[in-house]
Amino acid sequence: MAMQVELEEPRERILSAAYRLFMQRGIRDVGVNELIREAGIAKATFYYHFQSKDDLVLAFLARREEVFTDGYLVAESTRRGNTPEERLLAIFDVLDEWFHRPDYESCSYIKILFELGYSHPLGRASAGYLAKMRVGVQTLAGEAGLTDPEGFAHAWVLLMKGAIVAAAESDPHAAQRAMPLARWLIDQHQLAVRV
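Next comes the structure, spelled out in structure tokens:
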């Protein structure tokens with residue numbers, strides 16, 4: 004067991020350093036040598052745990068999903084909403100809080116997709132995490148009884164992405180501005196149910 008702890012601890016140090024640096028500056032601006040220095044490990048240790056920087060970025064994306072997407076965005080919207088519709092709307096309340104935080108750093112998935120493009124494996128991985136988010140919204144839309152949950156989810160996530168980009172452009176009120184559109188989108192998908 005002690006051997007396993009020794010092997011896990013440097014990996015966690017590397018991933019923690021990468022998480023912090025990638026969040027602050029993006030992935031292109033952070034080199035392997037800086038990561039090694041920040042983690043306080045040897046180069047051989049880095050490559051023992053991650054064959055390449057791309058492997059580390061994949062681990063970072065998985066950690067980002069765990070910490071932010073599932074651990075914050077989904078958890079908080081679930082906690083704040085009693086119904087699927089309320090949970091959908093709570094997403095924009097959570098985004099609003101995030102946009103007002105002094106450490107707001109935009110969306111890693113979007114940033115990596117823009118940095119590398121969809122043709123790069125890391126761009127596709129980032130798009131995959133965004134697609135998982137859309138599937139979660141689609142599930143909530145189905146639970147809320149909205150028509151065309153898939154189409155709704157595409158529009159909803161488009162609205163989320165727009166708010167995230169607007170917040171990165173120095174508009175911390177972007178989620179509040181998006182909220183009337185979010186309500187309208189829900190109403191449109193409920194309207195078809197009532198007709």
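Residues in the sequence shown are numbered consecutively from 4, following my numbering. Yeah, the Cβ is synthetic: ideal placement off N, Cα and C, and Gly gets one too.
Secondary structure of residue i, DSSP reduced to three states
i           : result
residue 62  : helix
residue 126 : helix
residue 12  : helix
residue 71  : helix
residue 176 : coil
residue 80  : helix
residue 23  : helix
Residues near residue i by beta carbon distance below 7 Å, same chain, minus five either side
i           : result
residue 177 : 102, 166, 169, 170
residue 44  : 13, 16, 17
Cα-Cα separation, residue i to residue j
i           : j           : result
residue 67  : residue 77  : 13 Å
residue 22  : residue 95  : 24 Å
residue 29  : residue 118 : 8 Å
residue 41  : residue 35  : 10 Å
residue 79  : residue 173 : 24 Å
residue 70  : residue 20  : 15 Å
residue 107 : residue 72  : 14 Å
residue 60  : residue 51  : 15 Å
residue 215 : residue 105 : Outside the displayed span of the chain (4 to 198) sits residue 215, for which this structure offers no information.
residue 81  : residue 37  : 38 Å
residue 24  : residue 160 : 26 Å
Beta-carbon contacts of residue i that lie in its chain and below 6 Å, excluding the five residues immediately before and after
i           : result
residue 179 : 99
residue 39  : 46, 49
residue 120 : 126
residue 112 : 129, 132, 133
residue 31  : 118
residue 53  : 59
8 Å Cβ shell around residue i - same chain, five flanking residues per side excluded
i           : result
residue 138 : 156
residue 162 : 181, 184, 185, 188
residue 75  : 97, 101
residue 86  : 147
Query raised in the report: Just checking, does the stretch 139-157 make contact with the stretch 89-96 on the three C-beta pairs under 8 Å criterion?
Result: yes
Query raised in the report: Is there contact here, the stretch 58-65 with the stretch 109-125, by at least three beta-carbon pairs under 8 Å?
Result: yes
**Report entry** Length at least 4, wholly inside the stretch 82-138: the alpha helix (DSSP H) runs in chain order
**Finding:** 87-103, 111-119
Query - Validate contact between the stretch 151-160 and the stretch 182-192 using beta carbons, cut 8 Å, 3 pairs - result: yes
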